[in-house]
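Engineer: My questions all concern the structure below.
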Amino acid sequence: MSPSSYSHLVYVERPKGLINSNTFRVEEVPFDLKPAADEVVIKIVWLSIDPAMRIWLSDDAGPFRPLQIGETMGGIGVGTVVGAGEDSGFAVGNHVSGYVGTTEYSKMKAKELTKVECVFVGQGGNHIIDGIIDLAKVKAGETVVVSGAAGAIGSLVCQLAKDKGAKVYGIAGSAEKCRYLEEELGIAKALNYKAATFQEDFVREVGAFDVYFDNVGGGMLDFLLTRMNLHARVILCGAMSTYASEPVPLKNHRDIFYKRATMQGFSLIDQGDRMPDAMKYLGDRVAQGVLKSTYHILEGIKETPMAINMLFAGENNGKLVIKVSRD
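In UniProt numbering, the protein residues as written are 1 to 327.
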């Protein structure tokens with residue numbers, strides 16, 4: 001039975017820096033969602049909280065379309081089909097993933113959704129396949145460094161690189177996260193970037209790397225450019241340290257040609273057709289015991305603004321998600 005109303009998160013004011021109480025409002029609207037022949041209506045169950053959500057709120061959103069004032073906040077999530085058009089190819093009860101928005105219910109074109117069996121909430125699947133398998137080409141015996149290593153993407157990258165026989169070092173922002181990376185995920189060593197001796201610790205413990213999977217950008221990227229082995233590969237997955245502030249200029253880019261290294265960025269927006277393969281790839285490795293996933297769960301779309309800020313403060317432990325469904 002359909003509800004009489006549902007809630008969604010409306011964009012009200014562009015923030016400067018972190019999101020504040022004026023950025024969004026929760027709005028309740030009548031439920032009048034009826035699918036056309038090629039559409040489905042979804043009840044959102046899980047919403048992924050990702051660093052890119054802060055980029056969408058900026059005038060300059062890079063490769064993304066900036067969210068406009070008055071629009072429903074975006075979001076990648078997983079839901080259940082509650083209404084399906086006759087030509088949609090979906091059935092009521094199917095689980096689907098896509099750019100569903102920060103809302104309790106959504107009406108979408110069927111072609112914008114992917115049917116899922118094993119649920120990984122968020123952007124991680126394609127990023128990992130592209131970054132570790134296609135671009136980095138991690139080999140057994142290589143040294144791999146991952147920043148944002150205790151986060152959703154970073155923790156999976158650590159595990160998959162380790163599975164390929166690499167010696168993996170993680171960079172995280174607390175002693176607790178470092179313990180998790182070492183004791184739960186079994187990487188070689190985790191380093192706390194907030195430690196006063198971080199750079200000295202890195203040189204002592206790691207020395208130099210073959211692959212760096214960068215989730216943070218900024219000063220961390222600049223420092224690590226000085227620690228490359230010959231023919232190193234630097235994979236740019238994100239620049240989280242700069243999403244809510246001014247970019248940090250790179251001073252050490254000449255080390256790229258000194259070391260004949262490769263630095264390449266990539267984005268999920270180029271890889272939508274690979275989502276089914278990505279989900280199967282990760283699902284298989286969960287079944288094999290290769291991957292572990294830890295989730296930090298908040299309840300209700302009203303928590304979305306706080307959740308985004310939590311990412312940038314490093315207050316989450318594991319993949320940050322919103323449980324959207326009221327039941």
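C-beta atoms are modelled at their ideal positions from N, C-alpha and C, and glycine is treated no differently. Remember, predicted model here, so these are calculated numbers, not experimental data.
1) If you follow the alpha helix (DSSP H) that ASP163 is in, where does it begin and where does it stop?
2) In the structure shown, what three-state DSSP assignment does GLY122 receive?
3) Report the rounded CA-to-CA distance for GLY17 versus GLU28, giving the unit in angstroms.
4) Decide if THR23 is buried, meaning its Cβ has at least 16 other Cβ atoms within 10 Å, or exposed.
5) Within this structure, are the beta carbons of VAL211 and ALA232 separated by less than 8 Å?
6) Runs of 3 residues minimum, wholly inside the stretch 206 to 237: which ones carry the beta strand (DSSP E) assignment?
7) Using CA atoms only, rank isn't needed, just tell me which of ASP32, THR143, MET240 is closest to ILE42.
8) Measuring CB to CB, does GLY93 end up less than 8 Å from THR80?
9) By the three-class DSSP mapping on this structure, what secondary structure does GLY74 have?
10) Three-state secondary structure (DSSP) at GLN288?
11) Hey, would you say ASP201 sits closer than 8 Å to LEU225, going by beta carbons?
12) Please report the Cβ distance between ALA166 and ALA140, rounded to the nearest whole angstrom; I am assuming they are in contact, meaning their Cβ atoms lie under 8 Å.
13) Closer than 7 Å by C-beta to MET263: which residues in its own chain qualify, once you throw out the five before and the five after it? Chain order, please.
14) Does the structure place the stretch 301 to 313 close enough to the stretch 44 to 54 that three or more beta carbon pairs sit under 8 Å?
15) Going by C-alpha distance, which of PHE64, GLY289, GLU71 is nearest PHE12?
16) For residue 411, which of helix, strand or coil comes out of DSSP?
17) Per DSSP, LEU250 forms a beta bridge with which residues?
18) Determine the direct distance from the alpha carbon of ILE322 to that of GLU299, and round the result to whole angstroms.
19) Just tell me which of MET240, ARG227, GLY217 has its CA closest to the CA of PRO249.
20) Does DSSP put ILE49 in a helix, a strand or coil?
21) Which stretch, first to last residue, makes up the alpha helix (DSSP H) that contains LYS177?
22) Can you list, in chain order, the residues of its chain whose CB lies under 6 Å from that of VAL121, leaving out five sequence neighbours each side?
23) Comparing C-alpha positions only, which one of SER325, SER7, ARG285 sits nearest to LYS164?
24) Do VAL116 and GLY83 come within 8 Å of each other at the CB atom, strictly closer than that value?
25) Does the Cβ of GLN123 have 16 or more other Cβ atoms within 10 Å, making it buried, or fewer, making it exposed?
26) Check SER97 in the structure and name its three-state DSSP category.
27) Identify the continuous beta strand (DSSP E) that holds SER147 and give its terminal residues.
28) Using the beta-carbon count (16 or more within 10 Å), is ARG204 buried or exposed?
29) Helix, strand or coil for PRO305 per DSSP?
30) So the beta strand (DSSP E) GLU28 belongs to, where does it begin and stop?
31) Is SER155 near LEU185, with beta carbons less than 8 Å apart?
Structural biologist: In short:
1) 152 to 163
2) Model confidence at GLY122 stands at a pLDDT of 48, short of 50, so the residue's coordinates are unreliable and nothing is read from them.
3) 27 Å
4) THR23 is buried by the Cβ-count criterion.
5) yes
6) 209 to 214, 228 to 236
7) ASP32
8) Going by C-beta atoms, GLY93 is nearer than 8 Å to THR80.
9) DSSP, reduced to helix, strand and coil, places GLY74 outside both helices and strands of the structure shown, so it counts as coil.
10) coil
11) With a cutoff of 8 Å on beta-carbon distance, ASP201 and LEU225 are scored as not near each other.
12) 7 Å
13) VAL234, LEU236, ILE256
14) yes
15) A small fix is needed here, since residue 12 is Val in this sequence, not Phe. Ranking PHE64, GLY289, GLU71 by Cα distance to VAL12 puts GLU71 first.
16) Not covered by the structure: residue 411. The range shown for the chain is 1 to 327.
17) The partner list for LEU250 (beta bridge, DSSP) is empty, contrary to what the question assumes.
18) 5 Å
19) Comparing C-alpha distances from PRO249 to each of MET240, ARG227, GLY217 shows the shortest one belongs to GLY217.
20) coil
21) 175 to 179
22) Confidence at VAL121 is low in this model, with a pLDDT of 48, below 50, so its placement is unreliable and the value that follows should be read with caution. Same-chain partners within the cutoff: TRP46, SER48, VAL78, VAL321.
23) ARG285
24) Not a contact, by the Cβ cut-off of 8 Å.
25) Low local confidence applies: a pLDDT of 48 at GLN123 is under 50, so the model's placement there is unreliable, and no value is given.
26) strand
27) Where SER147 is concerned, the enclosing beta strand (DSSP E) stretches over 143 to 147.
28) exposed
29) helix
30) 24 to 30
31) Yes; because the gap between Cβ atoms is below 8 Å, this pair is in contact.
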